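58 is the number that numbering that gives the first Met the number 0 gives to position 59 of the sequence shown; each next residue is one higher, with no gaps.
Note that the Cβ used here is the ideal one computed from N, Cα and C, for glycine as well.
No experiment lies behind these values; they were computed from the predicted model shown.
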Amino acid sequence: MSFGQTLKEIRIANGDSLRGLAEKSGIFFTFIDKVEKGKSVPSETMIEGLFKVYPLYRRRLSIEYCKAKLPNSILKELNFDDITEDFLDNILGLVKTLDTSEQKNILNLIIEKIEYMSFKNGHYDEVKEMINEAKDKINEL
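Here you go:
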C-alpha cells in the first residue's frame, strides 16, 4: 500500500474530508489530494501535520513515509512488515478506545502471557528487562 492510499484510508476511517483534514492539519487540501492519488510525495511538513491530527497512526504513517522516501535497498535492510505493522496499529487503536483501568487490565494480560511463553520457551532471561519495563509503564498509566 502506498503512503497516499494509507493516508486516504486513515482519513476516511476517521470521518475526515479532504478539506476537513486540511483545516485540522494546516496542509492545503489540493496537496493532500495529490499525495493520496500518488501524484506527489509527502513532505516533512505534511507528515508532522498528520501526526498531530492522527496520533494513533503515527507509526503506520512513519513507515509509509519511509517507504515513499527511501530507496528499496534501504527498505530491505529495515525489513518493514506491512501486515505486522498494520495489525499492531489496529490493536493499539482498539486498546486506546478503552478507559485506563481496562487498558491496564488488557496490557497486563498480554505481558503475563508473554512472560509465561518466554519462560516456557527458554528465553525469559533475554526478555526479562523488557518485560519489567513494560510492567512499569503499565503501572504508570
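If you draw a straight line from the alpha carbon of residue i to that of residue j, how long is it in whole angstroms?
i      : j      : result
Gln4   : Gly37  : 8 Å
Leu20  : Phe28  : 7 Å
Lys112 : Asp124 : 15 Å
Leu97  : Asn104 : 10 Å
Ile26  : Thr44  : 8 Å
Asn71  : Asn120 : 35 Å
Val52  : Asp15  : 10 Å
Ile62  : Ala133 : 23 Å
Counting C-beta neighbours from all protein chains within 10 Å, is the total for residue i 16 or more, i.e. buried, or is it exposed?
i      : result
Pro54  : exposed
Ser180 : Because the chain here runs from 0 to 140, residue 180 falls outside it and cannot be looked at.
Pro41  : buried
Leu87  : exposed
Lys127 : exposed
Tyr64  : buried
Lys95  : exposed
Arg18  : exposed
Would you say residue i and residue j are within 8 Å of each other, going by their C-beta atoms?
i      : j      : result
Phe50  : Arg58  : no
Ile137 : Leu106 : yes
Would you mind working out which of the options sits nearest residue i, comparing C-alpha positions?
i      : options                        : result
Lys33  : Leu74, Ile11, Phe2, Ile130     : Phe2
Glu22  : Gly48, Val94, Ala67            : Gly48
Asp135 : Phe118, His122, Tyr115, Ile110 : Ile110
Could you please give the first and the last residue of the uninterrupted alpha helix (DSSP H) stretch that includes residue i?
i      : result
Lys36  : Note, Lys36: premise wrong, no alpha helix (DSSP H); not H, not E.
Leu20  : 17-24
Asp124 : 123-139
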